[in-house]
Amino acid sequence: MAIVAVNWRAGSNTATNVLGINPGENGPITTLNEILDALVGTIKKRVCDAWEIDSLVMSGEQPVAISGSDVNGLSDDCSTANVSYLIHKTPQDGRRGRMFLPGVSEGAIGISGDLSSGTVTAMNSECTNFLDALDVAGISLVVRPELVTISKVDFMTVDSRVATQRRRLRR
Numbered sequence: 009m010a011i012v013a014v015n016w017r018a019g020s021n022t023a024t025n026v027l028g029i030n031p032g033e034n035g036p037i038t039t040l041n042e043i044l045d046a047l048v049g050t051i052k053k054r055v056c057d058a059w060e061i062d063s064l065v066m067s068g069e070q071p072v073a074i075s076g077s078d079v080n081g082l083s084d085d086c087s088t089a090n091v092s093y094l095i096h097k098t099p100q101d102g103r104r105g106r107m108f109l110p111g112v113s114e115g116a117i118g119i120s121g122d123l124s125s126g127t128v129t130a131m132n133s134e135c136t137n138f139l140d141a142l143d144v145a146g147i148s149l150v151v152r153p154e155l156v157t158i159s160k161v162d163f164m165t166v167d168s169r170v171a172t173q174r175r176r177l178r179r
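All residue numbers for the sequence shown refer to my numbering, where the first residue is 9 and numbers rise by one.
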């Protein structure tokens, strides 16, 4: 098992998503490149283009890093940096993980903080495509990789409300 940090940047704003993975037979550089390709080809298409993937870092005794990508993304106005997609990761054993993804389009957010149904549907589709791309590359996304029993993520779904720093602190 391994931990991969996906580092995002939009101007002076930064965000990090931490992914637990089972890299399979892939080496660290190949694994990071496969994850980057999967992100850019799927989820990144639904993130404002102001947010670029700055780098990916795999932890370990000898951390390994690769540069990210500014390819793809929505050209819409971006919401503030503390507003994010809340993505639920559901593994086989039922425990859930979550991920806060930056770069929500301002136009996708309703007055009460709800995402438009089209945005939720499109992002859910890209989350499924992301998991499929990882599977093709022989990589599994897992929840709590430090445990002896691996919990492979089967589904990723987007919450219908945006997440904000305030909501994160109350949970």
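We treat Cβ as the ideally placed atom computed from N, Cα and C, and that holds for glycine. These figures come from a predicted structure and were not determined experimentally.
- In chain order, what residues of the same chain have a beta carbon less than 6 Å from the beta carbon of A116, not counting five sequence neighbours either side? L123, S124 and T127
- Query: What are the boundary residues of the beta strand (DSSP E) that I95 is part of?
  - Reply: V91 to P99
- When the Cα atoms are used, what is the spatial distance from I95 to L109? 7 Å
- Item | First and last residue of the uninterrupted alpha helix (DSSP H) at M9 | Here M9 belongs to no alpha helix (DSSP H), and DSSP marks it neither H nor E.
- Task: For G105, count neighbouring C-beta atoms within 10 Å of its own C-beta (all shown protein chains included) and say buried if the count is 16 or more, exposed if not.
- Result: buried
- Identify which residue in E42, M107 and T98 has its Cα closest to the Cα of S75. E42
- Message: Is it buried or exposed, G35, if we count other Cβ atoms within 10 angstroms and call 16 or more buried?
- Response: exposed
- Going straight from the alpha carbon of A130 to that of Q100, what length do you get? 24 Å
- Looking only at C-alpha atoms, which of S77, N21 and C56 sits nearest to D45? S77
- Message: Does N21 come out as helix, strand or coil in the three-state DSSP assignment?
- Response: strand
- With 16 other Cβ atoms within 10 Å as the buried cut-off, status of P71: exposed
- Return helix, strand or coil for N34, following the three-state DSSP convention. coil
- Item | Extent of the continuous alpha helix (DSSP H) run through S125 | S125 to V144
- Message: Just to confirm before moving on: does the CB-CB distance between E69 and S87 stay below 8 Å?
- Response: no
- Following the continuous beta strand (DSSP E) through R104, name the residue where it begins and the one where it ends. Taken as a continuous stretch (DSSP letters only), R104 belongs to no beta strand (DSSP E), as it is neither H nor E.
- Would you call G111 buried or exposed, if buried means 16 or more other Cβ atoms sit within 10 Å of its Cβ? buried
- Task: Excluding the 5 residues preceding and the 5 following I37 in the sequence, name in chain order all residues of the same chain whose CB lies nearer than 8 Å to its CB.
- Result: V72 and I74
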